[in-house]
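Residues 3 to 735, numbered by this note's numbering, are exactly what the sequence shown covers, in order.
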Amino acid sequence: MAAPKDPSPSAQAPAKPRAPNAQQLALQRLGLRTDWDLVLHLPLRHEDETRIEGLAHAHDGQTLQFEGTVTHSEVSLRPRRQLRVTVLDAADGRSSCVLRFMHFYPQHQKTLAVGELVRVRGELRVGLWGREMVHPTFKPASAPLPQGLTPVYPSGAGLSQAYLRKAVAGALQRALDERRWQDTLTPEIASQIGLQRFFDLRKALLFLHHPSPDSAAVLQGDRDHPAWQRLKLEELLAQQLSQQVARRERARSRAPVLVGVAVQGHDAPLADALLAALPFGLTGAQTRVSAEIAADLARPVPMHRLLQGDVGAGKTVVAALAACRCMDAGWQCALMAPTEILAQQHFAKLVGWLAPLLAQRGLTVAWLTGSQKKKAREAMAAQVASGQAGLVVGTHALIQDSVQFARLGLAVIDEQHRFGVAQRLALRSKLDGAAQADGAQEPHLLMMTATPIPRTLAMSHLADLDVSTLDELPPGRTPIVTRVVSDERREEVVQRIAAQVAQGRQVYWVCPLIQESEAAQNASQSPSASDDGRKLALQDLRNVTDTHAELCDALPGVGVGLLHSRLPPAEKQAVMDAFARGELSVLVSTTVIEVGVDVPNASLMVIDHAERFGLSQLHQLRGRVGRGAAASACVLLYTAPLSPTGRERLKAMAQTHDGFEIARIDLALRGPGEFLGARQSGEAMLRFADLATDEDLLEQARHAAPLMLDRYPEAAQAHLQRWLGARAEFLKA
Numbered sequence: 003m004a005a006p007k008d009p010s011p012s013a014q015a016p017a018k019p020r021a022p023n024a025q026q027l028a029l030q031r032l033g034l035r036t037d038w039d040l041v042l043h044l045p046l047r048h049e050d051e052t053r054i055e056g057l058a059h060a061h062d063g064q065t066l067q068f069e070g071t072v073t074h075s076e077v078s079l080r081p082r083r084q085l086r087v088t089v090l091d092a093a094d095g096r097s098s099c100v101l102r103f104m105h106f107y108p109q110h111q112k113t114l115a116v117g118e119l120v121r122v123r124g125e126l127r128v129g130l131w132g133r134e135m136v137h138p139t140f141k142p143a144s145a146p147l148p149q150g151l152t153p154v155y156p157s158g159a160g161l162s163q164a165y166l167r168k169a170v171a172g173a174l175q176r177a178l179d180e181r182r183w184q185d186t187l188t189p190e191i192a193s194q195i196g197l198q199r200f201f202d203l204r205k206a207l208l209f210l211h212h213p214s215p216d217s218a219a220v221l222q223g224d225r226d227h228p229a230w231q232r233l234k235l236e237e238l239l240a241q242q243l244s245q246q247v248a249r250r251e252r253a254r255s256r257a258p259v260l261v262g263v264a265v266q267g268h269d270a271p272l273a274d275a276l277l278a279a280l281p282f283g284l285t286g287a288q289t290r291v292s293a294e295i296a297a298d299l300a301r302p303v304p305m306h307r308l309l310q311g312d313v314g315a316g317k318t319v320v321a322a323l324a325a326c327r328c329m330d331a332g333w334q335c336a337l338m339a340p341t342e343i344l345a346q347q348h349f350a351k352l353v354g355w356l357a358p359l360l361a362q363r364g365l366t367v368a369w370l371t372g373s374q375k376k377k378a379r380e381a382m383a384a385q386v387a388s389g390q391a392g393l394v395v396g397t398h399a400l401i402q403d404s405v406q407f408a409r410l411g412l413a414v415i416d417e418q419h420r421f422g423v424a425q426r427l428a429l430r431s432k433l434d435g436a437a438q439a440d441g442a443q444e445p446h447l448l449m450m451t452a453t454p455i456p457r458t459l460a461m462s463h464l465a466d467l468d469v470s471t472l473d474e475l476p477p478g479r480t481p482i483v484t485r486v487v488s489d490e491r492r493e494e495v496v497q498r499i500a501a502q503v504a505q506g507r508q509v510y511w512v513c514p515l516i517q518e519s520e521a522a523q524n525a526s527q528s529p530s531a532s533d534d535g536r537k538l539a540l541q542d543l544r545n546v547t548d549t550h551a552e553l554c555d556a557l558p559g560v561g562v563g564l565l566h567s568r569l570p571p572a573e574k575q576a577v578m579d580a581f582a583r584g585e586l587s588v589l590v591s592t593t594v595i596e597v598g599v600d601v602p603n604a605s606l607m608v609i610d611h612a613e614r615f616g617l618s619q620l621h622q623l624r625g626r627v628g629r630g631a632a633a634s635a636c637v638l639l640y641t642a643p644l645s646p647t648g649r650e651r652l653k654a655m656a657q658t659h660d661g662f663e664i665a666r667i668d669l670a671l672r673g674p675g676e677f678l679g680a681r682q683s684g685e686a687m688l689r690f691a692d693l694a695t696d697e698d699l700l701e702q703a704r705h706a707a708p709l710m711l712d713r714y715p716e717a718a719q720a721h722l723q724r725w726l727g728a729r730a731e732f733l734k735a
């Protein structure tokens with residue numbers, strides 16, 4: 003007879019899930035939450051623990067594994083508490099080695115007790131006091147020798163290699179044994195991309211985690227191995243699939259059709275009126291790109307176009323023409339810039355070009371920034387909400403909840419890589435309910451960048467966008483001579499500045515540190531800011547203020563301005579206005595002048611500590627001069643010694659002015675982050691593939707992705723989920 007069930011509530015209550023232990027939490031901090039995360043957590047290197055070697059012929063600095071008997075074990079207290087163990091090598095019975103542990107537990111002492119036969123692995127140090135190893139790994143000699151190389155994984159605080167190896171091994175076993183982890187590439191796709199050249203997925207993963215001892219190529223980091231090639235191709239295919247999915251989803255969305263309508267008393271469209279009023283003609287590239295944008299705006303599908311052009315190529319005019327077409331159709335246009343200085347430059351230009359034309363139509367150009375007084379901001383917001391403001395220019399203030407557009411048809415985002423995903427999505431979501439009632443779901447989007455995008459980067463990370471390129475500079479731009487000068491010749495540079503000022507020219511002197519430091523400056527005012535952040539911010543401020551003081555002393559009677567991110571907005575604008583009017587001859591600044599500043603009389607740019615800037619930033623800063631008729635120069639001041647990367651950057655700047663060539667070199671030196679900014683919200687989308695060396699794999703993935711989506715949608719979805727998961731969403735902004 004069966005025993006009766008226990009009727010007590012405790013017997014029926016489900017068991018509480020156990021809280022994760024410290025090592026499990028450490029795994030989560032590394033982003034290792036699923037089996038597939040662990041499977042793709044590939045080793046940094048491998049150690050050969052398959053062989054036992056002797057101490058007698060080992061040399062200083064060699065990593066080796068030997069077996070021996072513990073002859074002495076003690077805890078000494080001087081010079082600090084440590085465990086000292088002497089092991090006699092079993093290979094010859096004469097050679098010995100001292101093992102030292104500054105951190106140890108009772109279990110260590112038990113395993114390393116006198117008389118125990120142990121296996122030890124570590125880096126050998128040979129000195130006056132003989133052989134020793136500090137914190138080597140050890141185990142009883144009776145433990146079986148591994149049959150393959152031992153992986154060493156990227157780790158973090160509180161996470162031991164032993165635990166990590168066990169977790170990865172378990173994930174490999176589960177992942178590769180379950181049907182849901184089977185190959186997602188169908189025979190047709192595999193044939194198209196020549197998959198027979200590579201390992202299959204299962205074999206590739208097992209090989210990369212646990213290669214055989216004779217796999218010298220893996221030990222030497224050879225990423226051309228067929229196992230690596232398979233993983234890189236799978237990763238690139240996942241990325242291309244995500245881009246294609248994003249493009250197709252947008253094709254199903256709806257946007258307002260922005261085609262000009264007749265306005266009473268004005269037969270000429272606003273765009274034509276602007277072209278007639280401009281004091282210059284468009285370049286061929288500007289005309290071509292404007293036509294591409296006009297064709298996009300005339301379609302009911304949301305435009306998602308990236309407009310790229312070198313410094314001074316004339317992107318603002320192209321954006322103004324797009325805004326005119328938007329307003330001709332009875333809709334509003336918003337232009338958002340990352341800094342107030344850049345937004346102010348756009349506003350000044352657009353007001354000068356458009357204000358008289360818009361006034362005839364009863365429209366205005368509105369200005370919205372966070373530094374505005376409440377009353378002024380509310381007045382501008384009212385113009386936006388009523389529709390009186392046909393064009394709205396500003397910073398992040400445009401996406402505040404308090405700003406409501408009447409009919410937003412086009413959003414223009416300048417220097418798009420400096421905005422986060424959430425910020426761009428917020429601007430796109432400003433389409434009001436009345437507009438949505440007309441069938442539109444989101445406004446058209448035009449993103450602009452003065453950082454040219456290398457071809458491989460556009461093919462991979464920006465494949466979901468249409469890209470237009472201004473590859474022609476307006477006539478009249480003077481060439482800029484670039485010189486790389488040691489900081490030891492600083493006085494000569496100051497003399498050069500004095501000569502330029504004497505000729506009536508103006509000069510920029512830019513100090514580091516780049517934009518990250520401006521964030522650190524803001525953070526340094528917070529109680530939660532790190533000490534390093536505060537030190538960095540104060541150092542930055544000292545750099546620019548000390549340089550300003552030095553130049554004031556060295557150039558008596560010369561107007562020297564100071565500009566940095568801690569100045570109040572009104573003071574910043576006053577300094578910029580004074581420099582633009584010629585009241586200041588020298589402007590000492592941080593990189594707040596990197597983009598958007600246009601003073602034709604400025605003929606000399608000095609970049610202090612140029613080795614601390616990225617190539618694209620150096621190119622942007624150099625583009626602040628050479629905007630007038632006078633011969634212009636850029637001096638790159640560096641402090642020795644230069645790192646190899648710093649030397650390459652400065653060499654590239656001196657040898658070429660081609661923004662696309664500079665972008666190609668910068669991609670090779672720094673990777674895609676400089677160009678993409680927050681597009682991936684800080685998450686690297688390519689972990690294994692390298693755009694500089696894997697262009698052929700990228701081409702294969704690019705051609706295979708549409709075929710896979712059309713013919714094998716379930717396999718495509720499984721591939722996306724396996725490789726990207728939620729990260730695919732970052733690509734849609």
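Heads up, the beta-carbon is just placed ideally off N, CA and C, and yes, glycines get one too.
- Here V627 really is in contact with L606; their C-beta atoms are around 6 Å apart, less than 8 Å.
- Judged by DSSP secondary structure, T71 falls outside any alpha helix (DSSP H) and instead within the beta strand (DSSP E) spanning 65–78.
- Nearest C-alpha to W369 among L44, D91, A345: A345.
- Under the criterion of beta carbons closer than 8 Å, E118 and R127 do not qualify as touching, at roughly 23 Å.
- Sixteen is the threshold: since fewer than 16 other Cβ atoms of the shown chains lie within 10 Å of the Cβ of M104, the residue is exposed.
- Assigned with DSSP and collapsed to three states, F103 falls in strand.
- Residue pairing for M607: DSSP places it in a beta bridge opposite Y510, C636.
- Rounded to whole angstroms, the Cβ separation of V77 and L101 is 13 Å, and the two are not in contact under 8 Å.
- By the beta-carbon neighbour count (other beta carbons within 10 angstroms, threshold 16), H43 is buried.
- According to the DSSP secondary-structure assignment, P153 is paired through a beta bridge with H48.
- Setting aside the 5 residues that flank it on each side, A500 is surrounded in the same chain by L557, each with a C-beta closer than 7 Å to its C-beta; the list follows chain order.
- The region 27–38 makes no contact with the region 699–719; the number of CB pairs closer than 8 Å stays below 3.
- Here DSSP, grouped into helix, strand and coil, assigns H59 to coil.
- Q443 is positioned such that its CB atom lies no closer than 8 Å to that of R250.
- Following the DSSP letters along the chain, one finds W355 inside the alpha helix (DSSP H) bounded by residues 342–361.
- The Cβ atoms of T480 and A300 do not sit closer than 8 Å to each other.
- The alpha carbon of G559 has as its nearest neighbour, out of A504, P570, P571, D600, the alpha carbon of A504.
- Going by beta carbons, V414 and A391 fall outside the 8 Å limit.
- Residue G150 holds the alpha-carbon nearest to the alpha-carbon of E49 among K141, G150, W131, L57.
- In the DSSP assignment, A391 falls within the beta strand (DSSP E) that extends over 391–396.
- 8 Å or more divides the Cβ of T397 from the Cβ of L638.
- In the DSSP assignment, S488 forms a beta bridge with Y640.
- Under DSSP, H446 takes part in a beta bridge, and its partners are L412.
- In this structure, the alpha-carbon of L233 lies about 17 Å from that of Y155.
- About 55 Å separates the Cβ atoms of A322 and G160, ruling out a contact at the 8 Å cut-off.
- Listed as beta-bridge partners of A336 by DSSP are V394, A413.
- Straight through space, the alpha carbons of P476 and A315 are spaced by roughly 6 Å.
- Just so you know, the alpha carbons of A384 and A572 end up roughly 23 Å apart.
- By the criterion of a C-beta distance shorter than 7 Å, L34 is surrounded in its chain by L40, H43, once the five residues flanking it on both sides are discounted.
- Residue environment for T592: buried (at least 16 other C-beta atoms within 10 angstroms of its C-beta).
- In this model, G661 and D473 are separated by some 10 Å (Cα to Cα).
- The alpha-carbon of A706 is positioned some 7 Å away from that of Q194.
- Selection I482, T453, M449 evaluated against L467 yields M449 as nearest (Cα-Cα).
- Each of A240, C513, G372 was checked against the Cα of Q402, and the nearest Cα belongs to G372.
- G70 is classed as buried because its beta carbon has at least 16 other beta carbons within 10 Å across all chains shown.
- Every alpha helix (DSSP H) stretch that sits fully inside the region 154–215 and reaches 4 residues is listed by chain position as 163–179, 189–194, 203–211.
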